[in-house]
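Note sheet for the following structure.
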Amino acid sequence: MNKNKFLKIGSTFFIVLLLFLLGFLFRVPTIQVSYPDKNFYLKEDTFELGWIHSVEKEPWYETYTIKDQELYLDTTRFKTFGAGTPSDGEIIPSNDGYIHMKINRKMEAIHLVVSDNVKTTLQTKNSTIPLYEELKNHEAIEIKIVKLPFWQLWGEKR
2 MNKNKFLKIG STFFIVLLLF LLGFLFRVPT IQVSYPDKNF YLKEDTFELG WIHSVEKEPW
62 YETYTIKDQE LYLDTTRFKT FGAGTPSDGE IIPSNDGYIH MKINRKMEAI HLVVSDNVKT
122 TLQTKNSTIP LYEELKNHEA IEIKIVKLPF WQLWGEKR
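Shown next, in the form of structure tokens:
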């Protein structure tokens, strides 16, 4: 075997080995949504949960994002102050009929009971997932950050 062919094979093997090892060792923070029989991962670093408030009967939205490899409740928006309204957030001026608040609160996980009555929905930049249609009424979900091996990012993400 000549020297050039040996170098090409050796270089190729080294690059493949390096990519393989990085794929298993390098972990990426990813948003995991899980419920009893299924889980999926979001492609985006930001998502919004929306529902109809059970008392006020008005839409309510919360935006979550990954910051410093942790999950944060970034902002919330709602129509009226009432039961469950945050009181420690900074109000962001808007003209869209909603009260917008900057929250910036670190969350270990989100535990949520999905309901047909409140139309629980998860929205990303590229998709809308009506959780109330995918799960049984009053079924619980958990949303949290998991660190996936780099190679798994090409797997079953939504």
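Under this note's numbering, the letters of the sequence shown match residues 2 to 159, in that order. Ideal Cβ placement from N, Cα and C applies to all residues, glycine included. Bear in mind the structure is a predicted one, so any value in this text is a computation, not a measurement.
Distance CB(Thr77)-CB(Glu59) smaller than 7 Å: In the sequence shown, counting from the first residue as 1, residue 77 sits at position 76. In the sequence shown, counting from the first residue as 1, residue 59 sits at position 58. Contact flag unset, no.
Bridge partner(s) assigned by DSSP for Val147: Residue numbering aside, residue 147 sits at position 146 when the sequence shown is read from its first letter. DSSP lists Thr31 as partners of Val147.
Exposure label - Ile92; buried when at least 16 CB within 10 Å: Counting from one through the sequence shown, the residue named residue 92 turns up at place 91. Per the 10 Å Cβ criterion, exposed.
Reduced DSSP secondary structure (H/G/I, E/B, other) of Glu49: Along the sequence shown, one-based indexing puts residue 49 at 48. DSSP, read as helix, strand or coil, puts Glu49 in strand.
Element boundaries [alpha helix (DSSP H), containing Leu132]: Against the sequence shown, residue 132 aligns to sequence position 131. Unbroken alpha helix (DSSP H) run through Leu132: Leu132 to Glu135.
Simplified DSSP state of Gln153, which is helix, strand or coil: Here residue 153 refers to the residue found at position 152 when the sequence shown is read from its first residue. In this structure, Gln153 counts as helix in the three-state DSSP scheme.
Beta-carbon spacing of Leu50, Leu136 below 7 Å: Numbered from 1 along the sequence shown, position 49 holds the residue referred to as residue 50. Numbered from 1 along the sequence shown, position 135 holds the residue referred to as residue 136. Not closer than 7 Å, so no.
Local conformation of Thr13 per DSSP, three classes: Within the sequence shown, residue 13 is the residue found at index 12, counting from 1. If DSSP states are grouped into helix, strand and coil, Thr13 belongs with the helices.
CA nearest to the CA of Ser128, picked from Leu149, Ser88, Glu45 and Leu8: For the purposes of this step, residue 128 is taken as the residue at position 127 of the sequence shown. The candidate whose alpha carbon is nearest that of Ser128 is Glu45.
Three-state class that DSSP yields for Leu8 in the structure shown: For the purposes of this step, residue 8 is taken as residue 7 along the sequence shown, with counting starting at 1. Of the three classes helix, strand and coil, the one that applies to Leu8 here is helix, per DSSP.
Proximal residues to Thr47 (C-beta, below 6 Å), its chain only, five neighbours per side dropped: Translated into positions along the sequence shown, residue 47 becomes position 46. Excluding sequence neighbours, Thr47 sits near Thr66.
Beta bridge counterpart(s) of Leu43 as assigned by DSSP: One-based indexing of the sequence shown puts residue 43 at position 42. In DSSP, Leu43 forms no bridge with anything.
First and last residue of the uninterrupted beta strand (DSSP E) at Thr81: Your numbering for residue 81 matches position 80 in the sequence shown. Run containing Thr81: none; DSSP gives neither H nor E here.
Given 8 Å, three or more beta-carbon pairs between the region 92-105 and the region 113-122: no
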